[in-house]
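Worksheet for the structure shown next.
Number of protein chains: 2
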Amino acid sequence: MNLLLLEDGDFVAADRVVLSGRRLKHLHEVHRAEAGDSLRVGRLNGPMGRGQLLTLSTDEAELQVELDQPPPAKLPLTLLLALPRPKMLRRVLQTVSAMGVPRLILLNSYRVEKSFWQTPFLEPAAIREQLVLGLEQARDTVLPEVLIEKRFKPFVEDRLPQLSAGSLGLVGHPGPYPACPRAVDGPVTLAIGPEGGWIAYEVEKLQAAGLAPVQLGERILRVETAVSALLARLF
Amino acid sequence: MNLLLLEDGDFVAADRVVLSGRRLKHLHEVHRAEAGDSLRVGRLNGPMGRGQLLTLSTDEAELQVELDQPPPAKLPLTLLLALPRPKMLRRVLQTVSAMGVPRLILLNSYRVEKSFWQTPFLEPAAIREQLVLGLEQARDTVLPEVLIEKRFKPFVEDRLPQLSAGSLGLVGHPGPYPACPRAVDGPVTLAIGPEGGWIAYEVEKLQAAGLAPVQLGERILRVETAVSALLARLF
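Dropping the structure here:
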């Protein structure tokens with residue numbers, strides 16, 4: 080936790096918060112914080128700054144905060160991701176949030192096992208929990224938007240063309256395609272496939288929606304590694 | 080497992096292997112393989128090719144193999160990594176192996192907790208297990224070399240200058256430094272710090288050994304994410 084993320088409900092005055100639960104535990108066990116300490120804080124979906132620890136007990140912590148800095152800029156990106164397996168999903172949500180992706184669309188694909196859609200990790204509270212961990216890691220305050228699209232064809236045919244209009248559209252896919260471009264200017268719509276990759280039909284459909292296949296070399300990377308590698312290369 | 084990795088002990092003839100244990104289980108449960116199937120195979124530290132499944136039982140599998148392709152090229156990189164916490168270490172070893180790093184040096188740092196050096200995940204067999212998983216993921220056969228340096232100062236003062244000679248030396252470190260370069264030519268020596276970062280003294284010592292600090296933006300990334308992001312940007 081490189082940033083103590085404050086929620087609206089924590090505020091007892093405009094410049095004062097009271098914390099308990101997970102963040103209090105973290106202050107005690109990881110930060111080994113004491114009254115008087117100054118910590119980096121940020122208000123969820125708001126500004127960041129410093130907080131001074133006024134009191135700290137086993138029940139709660141009270142901080143006086145000064146929030147005067149903007150959060151870091153987001154990437155100009157819409158990321159489409161074939162739904163990863165549940166354990167990977169949790170880590171990918173953290174990575175996406177930490178790297179500054181403002182909009183993530185979790186999409187079905189032929190190679191997404193049907194059982195993956197049943198995971199409790201897809202519940203809104205579970206998604207939010209991982210996104211918050213990513214923000215705390217990276218020192219950001221603004222939650223990414225996460226959309227869930229369980230039907231590939233209607234989404235890609237009917238909605239993706241408008242959604243990607245005016246952006247550089249790319250599909251990460253191994254094969255005889257151009258290398259993923261570097262340091263692009265302007266907005267990007269990037270689709271990353273499941274373990275085992277998109278099937279040919281899906282690549283065709285994504286191409287028809289305006290996304291061009293690009294590759295990242297002959298090594299097959301796990302989804303989480305591919306996400307961070309592609310984003311680091313593009314921006 | 081995108082490649083079935085064969086060890087010397089598996090070979091019962093020049094073109095024939097017998098498998099049991101973890102890989103047999105994977106053939107049954109994940110590949111749902113049957114006699115006659117053709118699979119991607121590679122010989123550890125050797126060539127890659129195809130294997131045809133001759134027989135498959137609950138006890139063993141026998142394959143006829145043809146190994147006629149070279150493994151993918153490695154990155155021209157020596158990666159120095161402050162020892163991550165045990166759970167992260169396992170994943171980082173997989174990532175490093177999958178991305179084609181030929182040499183990894185696990186190094187002490189002020190912010191590496193002493194207890195991290197006690198983990199059984201640092202035993203040679205445990206390191207090898209994770210490296211093999213990375214090779215199987217990426218379709219490579221050549222194990223990276225992993226060196227362990229428990230003393231920062233003597234390593235950085237006495238050995239690092241020769242080790243990094245003739246390469247572009249870089250230290251990933253947040254701060255007012257140039258951005259990490261992109262698409263470099265030639266060999267690189269890259270040092271990535273622990274959670275919480277290198278301390279100033281360590282950055283000075285790494286600079287004195289010829290490594291220049293570079294940054295990757297204001298977001299603080301987990302070690303695993305930083306590794307894949309920095310490598311994707313550099314190469």
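So the sequences go chain by chain: C and Z. The numbering of the first sequence is the numbering used here, which starts it at 80 and goes up by one. The numbering of the second sequence is the numbering used here, which starts it at 80 and goes up by one. All C-beta atoms, glycine included, are put in the ideal place defined by N, C-alpha and C.
Contact between residue 191 of chain Z and residue 160 of chain Z is ruled out by a C-beta separation of about 10 Å, above the 8 Å threshold.
Taking the CA atoms as reference points, residue 158 of chain Z sits about 11 Å from residue 242 of chain Z.
Ranked by Cα distance from residue 183 of chain Z, the first of Z:140, Z:168, Z:114 and Z:194 is Z:168.
Under the DSSP assignment, residue 176 of chain C falls in the alpha helix (DSSP H) whose first and last residues are 165-178. Taking a Cβ-Cβ cut-off of 7 Å, the neighbours of residue 299 of chain C in chain Z comprise 81, 216, 217 and 218, given in sequence order. Along the region 134-154 of chain Z, the positions whose C-beta sits under 7 Å from a C-beta of chain C are 151, read in chain order. Interface residue (Cβ-Cβ distance to chain C less than 8 Å): residue 261 of chain Z is classified as such. A residue is called buried when at least 16 other Cβ atoms come within 10 angstroms of its Cβ; residue 99 of chain Z does not meet this threshold and is exposed. In this structure, residue 155 of chain C keeps its C-beta atom at 8 Å or more from the C-beta atom of residue 200 of chain C. Using a CB distance cut-off of 8 Å, residue 194 of chain Z does not count as an interface residue toward chain C. Neighbours of residue 308 of chain Z in chain C, taken as residues at a C-beta separation under 9 Å, are given in chain order as 178, 307, 308, 310, 311 and 312.
Look at residue 266 of chain Z here: in three-state DSSP terms it is coil, with no helix or strand label.
For residue 291 of chain C, the uninterrupted beta strand (DSSP E) run begins and ends at 291-293, by DSSP. Distances from the CA of residue 93 of chain Z to each of Z:142, Z:194, Z:220 and Z:136 were compared; the closest alpha carbon is that of Z:142.
Our two residues, residue 106 of chain Z and residue 118 of chain Z, have alpha carbons roughly 10 Å apart in a direct line. Pairing residue 95 of chain C with residue 219 of chain Z gives a Cβ-Cβ distance that is not under 8 Å. Distance from residue 123 of chain C to residue 222 of chain C at the Cβ level is roughly 7 Å; contact confirmed, criterion being Cβ atoms closer than 8 Å. The criterion of a C-beta distance shorter than 8 Å is satisfied by residue 305 of chain C and residue 295 of chain C. By the Cβ-count criterion, residue 109 of chain C is exposed, with fewer than 16 other Cβ atoms from all chains shown falling within 10 Å of its own Cβ. The beta-carbon of residue 268 of chain Z is placed no less than 8 Å from the nearest beta-carbon of chain C. Taking the Cα positions, residue 282 of chain Z is about 30 Å away from residue 213 of chain Z.
If the five residues before and after residue 171 of chain Z are omitted, its C-beta is found closer than 8 Å to the C-beta atoms of 160, 163, 302, 303 and 306, all from its own chain and listed in chain order. The C-alpha of residue 248 of chain Z is placed about 23 Å away from the C-alpha of residue 309 of chain C. The closest CA to that of residue 130 of chain Z, considering only Z:116, Z:137 and Z:150, is found on Z:116.
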